[in-house]
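The sequence shown runs 11 to 232 under my numbering.
We treat Cβ as the ideally placed atom computed from N, Cα and C, and that holds for glycine.
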Amino acid sequence: MLSKKEKKIRAKKAVEILKEKYPSAECALQYDGDPWRLLVMGRLSAQCTDARVNIVCEELFRRFPDMESMANAPVGEIEKLVYSCGFYKVKAQNLKDFSAIILERFGGRVPDTMEDLLTLPGVGRKIANLILGDIYKKPAIVADTHCIRISNRLGLCENKTPEKVEMALIPLVEPQEQADFCHRLVWFGRDVCDAKKPKCAECPLRDDCEEVKLRGKGEKKC
């Protein structure tokens, strides 16, 4: 296990390498800068690919372009549109409900604090951090599946629970780098550090990968 100092050095190195590889650090969800749309897409992305969410939301936002129309929409219509994202009944109800709550309780503005975001139906820390980082430019670690996998492989944490990974990374990654770093981990996870078939031979983080070291010793495979 690495010391905290070693982890911080390794995290900084990873931040710089991925910044060079993915300079734009774009969110994979195509929300056009609209906070409410990112919230909707974040909720739909649970156990669904970003690519699928982007496709589904083209029609969803044509039918319901803002929170007012979503709040007043028949839930059955929302269900039909988000069906392919999985768990469509609860997700559709969440979209309708949190749109109404934002209008009534927050004056139509998506909340900008973790505490308030977590009061919205279907919104957990992952989605809340996405909003805080992308929309409000606050320090935020989005502990999605790519972040969890790669952080563990790099030895930055030794846990697969999202909130524990988030808390482990907060002191290791500079606040101004956190949101973009998480976006870069998504792209890196798709391009190189795949869950089942990582491209270790072409990985720029290979020298710091604990999984590669263990595999080399014949103790474990990625």
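{"Check": "Return the CA-CA distance between Y98 and F191, expressed in angstroms with no decimal places.", "Outcome": "30 Å"}
{"Check": "Quick one: what's got a C-beta closer than 6 Å to M133's C-beta in the same chain, skipping five residues either side?", "Outcome": "At residue 133 the sequence reads Val, which differs from the Met that was named. Excluding positions up to five away in sequence, the list reads L127."}
{"Check": "Mind the definition here: the region 74-82 touches the region 138-157 only if three or more C-beta pairs lie below 8 Å; say whether that holds.", "Outcome": "no"}
{"Check": "Kindly list the residues whose CB is nearer than 8 Å to the CB of E173, restricted to its own chain and excluding five residues on each side of it in sequence; keep chain order.", "Outcome": "R135 and A153"}
{"Check": "Indicate whether at least one CB of chain B lies closer than 8 Å to the CB of D44.", "Outcome": "Absent from the structure is chain B; it holds one protein chain and no more."}
{"Check": "How would you call V63, buried or exposed, if buried means at least 16 neighbouring beta carbons within 10 angstroms?", "Outcome": "buried"}
{"Check": "In angstroms, rounded to a whole number, what distance separates the CA positions of G228 and H193?", "Outcome": "Only weak support exists for where G228 lies, its pLDDT of 49 falling under 50; the value from the coordinates is given anyway. If I take the Cα positions, the gap works out to 32 Å."}
{"Check": "Alpha carbon to alpha carbon, how far is L39 from R163? Give it in angstroms, no decimals.", "Outcome": "25 Å"}
{"Check": "Relative to the alpha-carbon of Q186, which residue among V222, D218 and V25 has its alpha-carbon at the smallest distance?", "Outcome": "V25"}
{"Check": "Between which two residues does the alpha helix (DSSP H) carrying L49 extend?", "Outcome": "P45 to L54"}
{"Check": "Rounded to whole angstroms, what's the CA-CA distance from L195 to R47? Just pull it up for me.", "Outcome": "22 Å"}
{"Check": "What first and last residue would you give for the alpha helix (DSSP H) that runs through L195?", "Outcome": "Q188 to D201"}
{"Check": "Can N105 and V50 be called in contact, C-beta distance under 8 Å?", "Outcome": "First, the residue type needs correcting, since residue 105 is Leu and not Asn in the sequence shown. Against a cut-off of 8 Å, the Cβ pair of V50 and L105 comes out as a contact."}
{"Check": "State the CB to CB distance for the pair V85 and Q57, rounded to an integer number of angstroms; the pair is presumed to be in contact (CB under 8 Å).", "Outcome": "Wrong, their Cβ atoms sit about 20 Å apart, outside the cutoff."}
{"Check": "Thinking A181 and K31 are a contact (beta carbons under 8 Å), I'd like their distance in whole angstroms, please.", "Outcome": "The amino acid occupying residue 181 in the given sequence is Pro; Ala does not appear at that position. About 24 Å; that fails the 8 Å criterion."}
{"Check": "In whole angstroms, what separates the C-alpha of E176 from that of G96?", "Outcome": "25 Å"}
{"Check": "Quick check: the Cα distance between P131 and A110, rounded to an integer number of angstroms?", "Outcome": "11 Å"}
{"Check": "In the DSSP assignment, the alpha helix (DSSP H) including P121 goes from what residue to what residue?", "Outcome": "No alpha helix (DSSP H) contains P121, which DSSP labels as neither H nor E."}
{"Check": "Could you tell me the distance, in whole angstroms, from the CA atom of E212 to the CA atom of K101?", "Outcome": "38 Å"}
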